[in-house]
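Below is one structure, written out as structure tokens; comments come after it.
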Amino acid sequence: MSFERAYNTSNISSGTDLAIGFTSSTVAVLLFGTNFVPVKKYDTGDGMFFQWILCASIWIISLVVNLIQNCPQFWPLAMVGGFLWATGNITVVPIIKTIGLALGLLIWASFNLLTGWASSRFGWFGIDPEEVARPALNYIGAGLSLLSAVIFFFIKTEVQTSSASLESTPLLRECSVNASEDTSDVSWVTNLSPVKKRFVGCSLAVVAGILYGTSFVPVLYIKDHGRRNETIYARASQFDLDYVFAHFSGIFLTSTIYFLIYCAVRKNKPDVYPQAILPGFVSGMLWAIANCCWFIANHYLSAVVSFPIITAIPEIQEITLMFQSLDTIPRDKIKLR
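Listed below in structure tokens is the structure:
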């Protein structure tokens, strides 16, 4: 029996819906916060090979979910969401090389939250606007996130060239990036002035956040138009988990294309780290489960509610991480502009 049929036949009350939604959000937050622990002790190089292994694992989990859901109809448009996410993920490497892990993640997490919330709340990109019970509180939360995003732009830190460790990121650890700068060909980032590095890093972080924040839009678009008989999406499933396979297929396809381009640019000499394969696979499984929980939370809570919950808590964790890391940097290297 699929999750959707279980939902439709059990007549779940509103209170139970909230319980399922918040439980899914909690699981998503926990797994998003720990899914890179398995690769913490392993070198991932420039991250391109690792992200491909990660996305392959993500796709396998989606295949299992698809079978559990009795292979619902595949909507190619949902793959666009996977393309957006994978494209945003590719920018992580230059972001870390230019402005560092903590600051980069704080910026893209803020814009991820704002874009996801605003697109759902106001009905951007052709989706239906969602109403909330207490709009004032919803706007206050979004406003605080916007304020924090602005403040983050004025935090200036120098990217360390040592292998001082920080936590894992969606593609690789910062120490791996810096280590690769010393052992590989000089990248285009190396030739940038500090001002240009900051501009490029912050700009890419904003772009990444917007791409992450819009990754659910294709699924929401299909669902909303599925309630209208005059569209090609008429009678499309209203259960978000039915779109996981298409969404994750977009992630894996896009990741594969980028990896092949990378191999071509490197003249078929990619940086491959065999020791990172199994940890990367486990990491991808944890991320995929977390994102499946996010899909479930979107269904039971709506995206306008789930986005601030799931994206804000990891952001708070990264703020703590950033200030912990600042304690190890000389005071004259840290300043607000």
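Residue numbers (my numbering): 120 to 456.
We put the beta carbon where it would ideally sit given N, CA and C, even for glycine.
Computed from a prediction, not measured in an experiment: that's the story for all the values here.
Counting only the Cα atoms, Lys342 lies some 15 Å from Thr333. Membership of Trp243 in any alpha helix (DSSP H) is not indicated, and neither H nor E is assigned to it by DSSP. Taking the Cα of Gly320 as reference, the smallest distance to any Cα among Val146, Ile428, Ile215 is reached at Ile215.
Secondary structure note for Gln170: its alpha helix (DSSP H) is the uninterrupted segment 167-187. For Phe364 against Val148, the beta-carbon gap comes to about 23 Å, at or over 8 Å, which does not count as contact. Here the alpha carbon of Arg253 sits roughly 20 Å from the alpha carbon of Ser144. For the 8 Å CB-CB criterion, Ala324 and Trp406 do not form a contact.
Between Ala261 and Ala355, the alpha-carbon positions lie close to 31 Å from each other. In this structure, Tyr377 places its C-beta atom within 8 Å of the C-beta atom of Ile209. Annotation: the continuous alpha helix (DSSP H) that includes Trp413 extends over 396-420. Residue state for Arg317 is assigned as helix, using DSSP reduced to three classes. No Cβ-Cβ contact shorter than 8 Å links Glu249 with Ser264. When DSSP states are grouped into helix, strand and coil, Phe358 belongs to the coil group.
When Ala138, Met167, Ala175, Ser133 are compared, the shortest CA-CA separation from Leu372 is found for Ala175. Exposed is the label assigned to Thr135, since fewer than 16 other Cβ atoms lie within 10 Å of its Cβ.
Residue range 211-218 is occupied by the alpha helix (DSSP H) that includes Ile214. C-alpha of Trp236 to C-alpha of Thr142: approximately 20 Å in a straight line. Of the candidates Thr350, Pro313, Pro337, Thr375, Pro337 places its Cα closest to the Cα of Asp359. In the three-state DSSP reduction, Asn310 falls in the coil class, being neither helix nor strand.
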